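Numbered according to the numbering used here, the sequence shown spans residues 15 to 285.
From the three backbone atoms N, C-alpha and C, an ideal C-beta is built for every residue, glycine too.
The model shown is predicted, which means the values in this text are computed figures rather than measured ones.
Down below is the structure, laid out as structure tokens.
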Amino acid sequence: MLNATVDFLKCKINENLGDFLPDVGIVLGSGLGELADEYCKFAIPYSEIPGFETSHVSGHKSRLVFAEINGKKVVMMQGRFHFYEGHSIQKVVFPIKVMKKLGVKTVILTNAAGGVNPAFNPSDLMIITDHINNMGVNPLIGPNDDEMGIRFPDMSEVYSQKHINMVKKTASKLGIDTQEGVYMALTGPSYETPAEVKMARIIGADAVGMSTVPEATVAKWAGMDVIGISCICNSAAGVSTVALAHEDVIRAANVAKDRFKTLVKEVIGNL
15 MLNATVDFLK
25 CKINENLGDF
35 LPDVGIVLGS
45 GLGELADEYC
55 KFAIPYSEIP
65 GFETSHVSGH
75 KSRLVFAEIN
85 GKKVVMMQGR
95 FHFYEGHSIQ
105 KVVFPIKVMK
115 KLGVKTVILT
125 NAAGGVNPAF
135 NPSDLMIITD
145 HINNMGVNPL
155 IGPNDDEMGI
165 RFPDMSEVYS
175 QKHINMVKKT
185 ASKLGIDTQE
195 GVYMALTGPS
205 YETPAEVKMA
215 RIIGADAVGM
225 STVPEATVAK
235 WAGMDVIGIS
245 CICNSAAGVS
255 TVALAHEDVI
265 RAANVAKDRF
275 KTLVKEVIGN
285 L
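Right, here's the structure in full:
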């Protein structure tokens, strides 16, 4: 299926854009979809792409967008597939494998997350320095594709330190304040309990969410550089005494979206 999907996309790209193969892949989290709308040269609905699923999360469009941003050829997922929607973990990471086959060298993963670190505030941007997989599943389980990555990949630096430093410098030049921290992924779709958030903090997490870790794991395995940026959209349960709601996530993402878009665009130009 992977090769069939890549062949399909290359054909569509060639028909609409000519000789266009992306160097950068982006997974757009909640609130960042406007970046794809702004720069779109050509888009394909997920429903037309073999092997792709459709995202049913509010605020997520379901299309693959090809664009040029700051001189770089880019492919963007405008809406991701979540494990909690009932997709297999292999379906969740399938687009990352497709990006690799299309020639992508750097993946930028963005998400909305809950703040575990009490120093974080809603609408803060957090550069992901590492992650904790608490989803109970690893996307590399199963037969290994030796052409794409090795059986036992090293995960000591999933998020490229070189790129972390670049994102920090870029944000500083733009006057955008950023946080840094460890992202912990749980399956969702329920938000975490106060006890789970306390556990997350004890074991070293600064933010919690329901995505990103599977994609980052596969991207690293496949030899791509990985950049991760979270928008802290609420304080997690126990940190905040307010009941959590998806509407609050969207609201905080909208507050941060202009800063988030500006940062991502400049980061792309600096790759």
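Distance from the CA of M15 to the CA of K24, rounded to the nearest whole angstrom, comes to 14 Å. As summarised for the segment 157-233, the continuous beta strand (DSSP E) elements at least 3 residues long and confined to that stretch are 193-199 and 221-223, given in chain order. Counting along the chain, the unbroken alpha helix (DSSP H) around M113 starts and ends at I103 to L116. The residues I40 and I241, in chain order, have a CB closer than 6 Å to that of I122 in the same chain once the five nearest residues on each side in sequence are set aside. Cβ contact annotation for E194 (same chain, cutoff 7 Å, sequence separation greater than five): M140, I141 and T143, in chain order.
In the structure shown, the three-state DSSP call for A133 is coil. Between A221 and the set N147, Y98 and L46, the nearest pair of CA atoms involves N147.
Every beta strand (DSSP E) stretch that sits fully inside the segment 37-76 and reaches 3 residues is listed by chain position as 38-42 and 54-59.
Fewer than three pairs of CB atoms, one per stretch, sit closer than 8 Å, so the segment 124-133 makes no contact with the segment 174-181. Under the three-state reduction of DSSP output, K279 falls in the helix class.
For the pair F22 and K55, the CB atoms are not nearer than the 8 Å cut-off. Burial of D138 is indicated by the presence of at least 16 other C-beta atoms within 10 angstroms of its C-beta.
Per DSSP, the beta-bridge partners of K87 are E82. When beta bridges are read from the DSSP output, V121 appears opposite G39 and V240. Of the candidates F166, S174 and V20, the residue whose Cα lies closest to the Cα of E62 is V20. Cβ neighbours of I27 within its own chain (closer than 6 Å, five residues either side excluded): F34. By alpha-carbon distance to V281, the top candidate from I217, R265, L188 and A219 is L188.
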